[in-house]
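> In terms of the working numbering, the sequence shown opens at residue 128 and continues consecutively.
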Amino acid sequence: MDRPIVAIVGRPNVGKSTLFNRLVGRRLAIVEGTPGITRDRLYADADWCGREFVVTDTGGLLFNETDPLTQQIVQHAELAMDEADVLVFLTDVRDGITATDWEVAERLRKGGKPVLLAVNKADNQEQERQAHEFYQLGLGEVYGISSLQGLGVGDLLDAVVARFPEAGEVEPYPEDVVRIAIIGRPNVGKSSILNSILGEERSIVSEIPGTTRDSFDTLVERNGRKLVLVDTAGIRRAGKIQGSPEYYMVLRAIRALEHCDVAAIVVDAGAGLMDGDKRVAGYARDAGRAAVIVVNKWDLRKSGPEAVSMQKFAVDLRNETPFLSYAPVVFGSATEGWGMADAVDAAVAAAENHAMRIGTGELNRLIHEAVDARPLSDHGKQFKVYYATMASVKPPTVALFTNDPSLLHFSYARYLENQIRRKYCYEGTPIRIVARRAESERTT
């Protein structure tokens, strides 16, 4: 990234995610009074006084812990600290200086990066005075703030921006960037796929379902094409998670899906196709996104008593998800590192098809030939198409101007869709066909 990066670090439950949301101006990070809610690094754009930058939220730092997941959280926070230009060390005035605060301060001093010490939850004048205790940490100026109320955050941001490197040219994502959302039910290997594609431990990988709690973007380039990979939390049925942090995770995953070009729907080959996979696939279809089905963990099915051919698995998958018949199926293993490049290539091709437009003249010839070859009538009334146009793309949407839109049965719309697909490569993308009453019919 060309924009400066600001990383918010500190021990668990001091309000890092609340400050993150305050800086970026919207509720991106999950906020709940439970330590460990933020696990991965979460990035978002922000600006202050005309200066654009990127804010990174991190998991809480806990040292000398033996829990593997806690160790990974610390590792990711340290990676965020390494790539940041400025660090905001957040503490909690109500707890005072803890042993962990002392250890974090010592590590930050050794890092050589600009560090701003913010003492959070200073919601009144008495707590602001108590914040002066934190000068003992030896990190310079102390900024008493309230992330929740916004008190003192402006002064903190002034100091942050003052420590940025000289401003340079900021290049936004190019217009032709392809956004690929990696979606699926919990524990199917979404983060492992992202890590395999990137070749680095970008997301925390764990056998504990629900490890990825936030959606985040990663910009990469492949074969000269820029891609944004969006890792998301596992999607489960809303009724099972109502009122929990996971509820917001699922909402965010669905929102990421709605803003992507392609959904990479991950299925666990070891577990086989489950109802949760069909539910996730249905979200992609309803959102009108291009789609690729990525059958991960194929190393678990290619040998042994559970062995099955790719062809047989694909046929069974197609039979169970007929509504996603246009989506290519790609097999691979993120842990063994194969098949992921094929999945990315299939997603890029699907994105191109998702944006492909058919000229109006050609589309009219195709539709009229199809209607003439197989006329449609209902109770003696014939369905007539006067004019056809591709009203929009992403997804390709064909508008038919007809004598009576109610005559267009869904099976006939599928017939017309199939005629379009026979001539044009729309693999990976849905095609929507809508009927409208022609103006001439409205006046008669």
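Using N, Cα and C, we set each Cβ at its ideal position, and we do this for glycine too.
#1: Tell me which same chain residues have a C-beta within less than 8 Å of the C-beta of V407, skipping the five on either side of it?
#2: Let me know the secondary structure DSSP gives L493 once reduced to three states.
#3: By Cβ distance below 6 Å, which residues in the same chain neighbour A441 in space, the five residues on each side in sequence not counted?
#4: In the structure shown, what three-state DSSP assignment does S144 receive?
#5: Determine, using beta carbons only, whether L284 and L266 come nearer to each other than 8 Å.
#6: Rank Q509, T556 and A249 by C-alpha distance to the C-alpha of R539 and give the top, closest one.
#7: Which residue wins for smallest C-alpha separation from D619, given the options A398, Y514 and K317?
#8: How big is the Cα-Cα spacing for I272 and V246?
#9: Using C-beta distances below 6 Å, list every residue in its chain close to Y514, excluding the 5 sequence neighbours before and after it, in chain order.
#10: Tell me which same chain residues have a C-beta within less than 8 Å of the C-beta of G160, skipping the five on either side of it?
#11: Applying the criterion that 16 or more other CB atoms from any shown protein chain within 10 Å of the CB defines a buried residue, is W425 buried or exposed?
#12: Quick one: Cα of S371 to Cα of K550, how far?
#13: Near L235, which residues of its chain fall below 8 Å by C-beta distance, leaving aside the five closest residues on each side in sequence?
#14: Work out the CA separation of L427 and P532 for me, nearest whole Å.
#15: Does L400 come out as helix, strand or coil in the three-state DSSP assignment?
#16: For K240, which residues of its own chain have a beta-carbon under 8 Å away from its beta-carbon, when the five flanking residues on both sides are left out?
#17: What are the boundary residues of the beta strand (DSSP E) that G271 is part of?
#18: How many Å lie between E255 and A249 at the Cα?
#19: Give me the Cα-Cα distance between N251 and I132, rounded to the nearest whole angstrom.
#20: Alpha carbon to alpha carbon, how far is R492 from R445? Give it in angstroms, no decimals.
#21: Could you spell out the range, first to last residue, of the alpha helix (DSSP H) harbouring I310?
#22: State buried or exposed for V231, treating a residue as buried only when at least 16 other CB atoms are found within 10 Å of its CB.
#23: When the Cα atoms are used, what is the spatial distance from D404 to V419?
#24: By a C-beta neighbour count over all protein chains shown, 10 Å radius and 16 as the cutoff for buried, is Y262 buried or exposed?
#25: For S538, name the three-state secondary structure that DSSP assigns.
#26: Just to confirm before moving on: does the CB-CB distance between A477 and V389 stay below 8 Å?
#27: How about R484 and V435: are their beta carbons less than 8 Å apart?
#28: With burial defined as no fewer than 16 other Cβ atoms inside 10 Å of the residue's Cβ, what is the status of G464: buried or exposed?
#29: By Cβ distance below 8 Å, which residues in the same chain neighbour V471 in space, the five residues on each side in sequence not counted?
From the atom records:
#1: I310, G311, R312, I362 and I392
#2: helix
#3: Shown here for A441: same chain residues with a beta carbon closer than 6 Å to its own, the five before and five after excluded, namely V456 in chain order.
#4: helix
#5: no
#6: A quick correction: the sequence has Tyr, not Arg, at residue 539. Distance from the Cα of Y539 is smallest, within the candidate group Q509, T556 and A249, for Q509.
#7: Since the first and last residues shown for the chain are 128 and 571, residue 619 lies out of range.
#8: 6 Å
#9: Cβ-Cβ distances below 6 Å link Y514 to F528 in the same chain, with the five nearest sequence neighbours on each side left out; the list follows chain order.
#10: In this predicted model, G160 has a pLDDT of only 40, less than 50, meaning its place in the structure is not dependable; the value taken from the coordinates is given anyway. When the five nearest sequence neighbours on each side are left out, the beta carbons in the same chain lying within less than 8 Å of the beta carbon of G160 are those of N140, in order along the chain.
#11: buried
#12: With a pLDDT of only 45 at S371, under the threshold of 50, the placement of this residue in the model should not be trusted, and no figure is reported.
#13: V136, M208, L214, F216, V242 and L266
#14: Roughly 50 Å separates the two Cα atoms.
#15: coil
#16: Counting only Cβ-Cβ distances below 8 Å, and skipping sequence neighbours, we find M208, A211, D212, V213 and L214.
#17: V269 to G271
#18: Straight through space, the alpha carbons of A249 and E255 are spaced by roughly 5 Å.
#19: 30 Å
#20: 31 Å
#21: Looking at the DSSP string, I310 is not in any alpha helix (DSSP H); the run it does join, the beta strand (DSSP E), is V305 to I310.
#22: buried
#23: 13 Å
#24: exposed
#25: helix
#26: yes
#27: Cβ distance not < 8 Å, so R484 and V435 don't count as in contact.
#28: exposed
#29: I307, I324, R349 and L354
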